[in-house]
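Notes follow once the structure below has been shown.
In the working numbering, the protein residues as written are 3 to 465.
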């Protein structure tokens with residue numbers, strides 16, 4: 003009898019594990035619902051994902067936004083899952099959106115709808131009810147930029163922004179491979195109202211033959227700005243300019259801006275900018291060649307600064323790539339990331355560039371205020387008044403794992419207010435409206451000596 007009871011118990015455990023695996027997709031499903039509370043920190047395991055090489059260019063991501071009405075955190079993952087967690091790390095709801103990665107997120111001004119972009123065979127843009135996690139509507143990027151799953155050419159909604167009426171402006175993109183093996187791009191900007199009705203697409207009758215990674219919108223000047231990110235310009239490319247300014251109501255092109263490159267680069271690349279100031283009078287952008295630029299609302303350059311001047315050492319051109327640009331009350335903010343070799347980012351560099359992994363802050367007249375230097379890449383920045391929370395991720399040159407975590411900075415003078423360490427690189431960050439709570443997403447990584455550090459976790463810190 004005891005043997006029968008034992009077999010029944012084991013059978014129940016196996017069935018339970020299978021059920022939990024089916025629900026969570028995790029080999030260790032009990033951890034999916036686990037959290038740990040260490041004083042002023044709460045951490046929640048977000049599920050199993052592959053641990054990627056520490057030094058690879060593309061890396062594990064995560065999405066996070068603070069929802070003030072709920073005093074909660076909206077979290078999107080590389081597993082295609084969307085969560086709402088309260089401030090104590092307790093799961094309010096979970097929604098599995100598909101088979102792809104969630105790569106972009108924006109929340110309506112009334113905090114009732116979340117707009118989520120994914121990379122998948124469909125490349126869906128989802129509108130999600132924040133109260134309960136239900137899907138309100140969706141749009142497939144594959145409808146406008148195509149898809150070639152056999153070549154692993156999946157469409158993505160790579161960036162989303164909204165205007166004051168919660169109209170949605172999204173960049174759809176995928177790479178394409180020509181018969182000769184060269185890589186090209188299909189890009190399209192698409193606008194919707196908050197109910198999912200398509201307002202326009204740019205261009206109307208063709209695709210942008212460049213990588214479009216970023217967009218922003220402003221109600222005061224009525225414009226949407228797109229930036230291009232193709233590192234190589236082919237002779238047959240049509241969309242060669244750096245920025246395109248579009249009428250946000252009609253989708254018609256107003257003008258484009260060609261920012262001339264600096265040696266040794268052949269063209270100007272913008273990856274995480276530009277962004278308008280709130281009044282629409284300014285546009286701030288960082289370039290991969292290491293420059294920071296401030297434009298007026300029409301795209302005219304007001305001034306530019308060398309954040310990270312490309313330098314030739316031992317026959318290698320090195321620089322710290324610029325990425326973010328913000329025009330906020332505290333000033334004009336630019337960031338740089340890791341040091342890279344111009345010939346190939348995978349090649350080593352003789353030294354670190356002294357301006358890498360840094361935040362530079364200027365007054366609007368172009369005068370320098372201060373520089374804050376982190377020990378790893380600032381993967382994301384979020385603002386609460388004159389406080390900035392920064393996710394500090396990998397340093398692929400020094401492998402300084404102590405650098406990982408969230409840093410909170412006073413934007414008035416660059417003073418470091420808090421640092422919260424994580425074992426793995428921190429890939430995303432958000433700060434509460436009152437500035438008292440910070441949350442971030444940590445990713446696991448495989449170090450060069452084969453050790454796995456970190457885990458896919460949500461961290462919530464109470465300042």
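Ideal placement from N, C-alpha and C gives every residue a C-beta, glycine not left out.
Roughly how many angstroms lie between the CA atoms of residue i and residue j, to the nearest whole one?
i: residue 111; j: residue 181; result: 45 Å
i: residue 451; j: residue 321; result: 26 Å
i: residue 127; j: residue 120; result: 7 Å
i: residue 460; j: residue 429; result: 10 Å
i: residue 151; j: residue 176; result: 11 Å
i: residue 235; j: residue 288; result: 19 Å
i: residue 140; j: residue 253; result: 21 Å
i: residue 300; j: residue 204; result: 18 Å
i: residue 364; j: residue 379; result: 20 Å
i: residue 466; j: residue 412; result: Here the chain comprises residues numbered 3 to 465, so residue 466 is not present and cannot be evaluated.
i: residue 458; j: residue 50; result: 7 Å
i: residue 547; j: residue 233; result: Here the chain has residues from 3 to 465 only, and residue 547 is not among them.
i: residue 318; j: residue 342; result: 10 Å
i: residue 305; j: residue 340; result: 24 Å
i: residue 222; j: residue 351; result: 44 Å
i: residue 268; j: residue 464; result: 46 Å
i: residue 284; j: residue 462; result: 34 Å
i: residue 294; j: residue 423; result: 29 Å
i: residue 270; j: residue 164; result: 26 Å
i: residue 83; j: residue 382; result: 20 Å
i: residue 99; j: residue 46; result: 20 Å
i: residue 377; j: residue 200; result: 43 Å
i: residue 34; j: residue 72; result: Annotation note: pLDDT 42 at residue 34 (below 50); position unreliable, coordinate value reported separately. Approximately 22 Å, taken between the alpha carbons.
i: residue 63; j: residue 42; result: 24 Å
i: residue 31; j: residue 81; result: For residue 31, the predicted model reports a pLDDT of 48, less than 50, meaning its position is unreliable and no value from the coordinates is stated.
i: residue 316; j: residue 355; result: 14 Å
i: residue 44; j: residue 58; result: 29 Å
i: residue 334; j: residue 178; result: 36 Å
i: residue 453; j: residue 358; result: 26 Å
i: residue 48; j: residue 296; result: 39 Å
i: residue 243; j: residue 431; result: 31 Å
i: residue 36; j: residue 323; result: The pLDDT assigned to residue 36 is 45, lower than 50, so where the model puts this residue is not dependable; a value taken from the coordinates is nonetheless given after this. Their backbone Cα atoms lie some 38 Å apart in a straight line.
i: residue 263; j: residue 307; result: 14 Å
i: residue 362; j: residue 265; result: 22 Å
i: residue 281; j: residue 368; result: 18 Å
Nearest by alpha-carbon distance to residue i: which of the options is it?
i: residue 53; options: 157, 313, 445, 391; result: 445
i: residue 77; options: 443, 263, 457; result: 443
i: residue 88; options: 401, 448, 252, 440; result: 440
i: residue 202; options: 233, 251, 235; result: 251
i: residue 138; options: 195, 263, 306, 305; result: 195
i: residue 79; options: 391, 118, 227, 266; result: 118
i: residue 255; options: 241, 99, 42, 291; result: 241
i: residue 192; options: 305, 244, 368, 249; result: 249
i: residue 404; options: 63, 383, 368, 456; result: 456
i: residue 337; options: 216, 375, 116, 355; result: 375
i: residue 69; options: 61, 356, 44, 133; result: 133
i: residue 172; options: 358, 224, 216; result: 216
i: residue 396; options: 61, 302, 334; result: 61
i: residue 154; options: 123, 279, 75; result: 123
i: residue 225; options: 292, 298, 183; result: 298
Are there any heavy atoms of the ligand NAD lying less than 7 Å away from the beta-carbon of residue i, as far as the coordinates show?
i: residue 418; result: Looking at this structure, you won't find the ligand NAD or any other ligand, since it has none at all.
How close, in whole Å, do the beta carbons of residue i and residue j come, if the pair is a contact with beta carbons under 8 Å?
i: residue 156; j: residue 125; result: 6 Å
i: residue 198; j: residue 174; result: Contact flag wrong, Cβ pair sits at about 15 Å.
i: residue 65; j: residue 135; result: Incorrect: roughly 15 Å between the Cβ atoms, too far for contact.
i: residue 426; j: residue 406; result: 6 Å
i: residue 373; j: residue 360; result: 6 Å
i: residue 409; j: residue 394; result: 6 Å
i: residue 247; j: residue 227; result: 6 Å
i: residue 414; j: residue 332; result: 7 Å
i: residue 56; j: residue 353; result: Rounded, the Cβ-Cβ distance is 19 Å, inconsistent with contact.
i: residue 116; j: residue 130; result: 4 Å
i: residue 229; j: residue 245; result: 5 Å
Are the stretch 326-337 and the stretch 262-282 in contact at 8 Å, needing three or more beta carbon pairs?
yes
Touch check for the stretch 102-118 and the stretch 164-183: three-plus C-beta pairs under 8 Å?
yes
Whether or not the stretch 205-224 and the stretch 259-266 are in contact is what I'm after, with contact meaning three or more pairs of Cβ atoms, one per stretch, closer than 8 Å; do they touch?
no
Quick check: the stretch 427-439 against the stretch 385-401, are there 3 or more CB pairs under 8 Å?
yes
Between the stretch 140-160 and the stretch 94-108, can you find at least three pairs of beta-carbon atoms closer than 8 Å?
Of all C-beta pairs linking the stretch 94-108 to the stretch 140-160, three or more are shorter than 8 Å, placing the two stretches in contact.
Stretch pair the stretch 93-101 + the stretch 142-151: three plus CB contacts closer than 8 Å
no
Segments assigned beta strand (DSSP E), at least 3 residues, entirely inside the stretch 178-208
Listed in chain order, the complete beta strand (DSSP E) runs (minimum 3 residues) inside the stretch 178-208 are 185-194, 200-204.
For the pair the stretch 413-433 and the stretch 307-318, tell me if three or more CB-CB distances fall below 8 Å.
no
Which runs of the beta strand (DSSP E) at least 3 residues long sit entirely within the stretch 105-182? Give them in chain order.
The stretch 105-182 contains these whole beta strand (DSSP E) runs: 115-121, 126-131, 137-142, 158-164, 170-179.
Report the start-end ranges of each beta strand (DSSP E) in the stretch 374-413 that is 3 residues or longer and not cut off at the edges.
380-386, 389-394, 407-412
Those runs of the beta strand (DSSP E) which lie wholly inside the stretch 41-107 and span at least 3 residues
43-47, 65-69, 74-78, 83-88, 93-98
Considering only residues of the stretch 232-282, which uninterrupted beta strand (DSSP E) runs meet the minimum length of 3 residues and lie entirely inside it, listed in chain order?
245-249, 255-259
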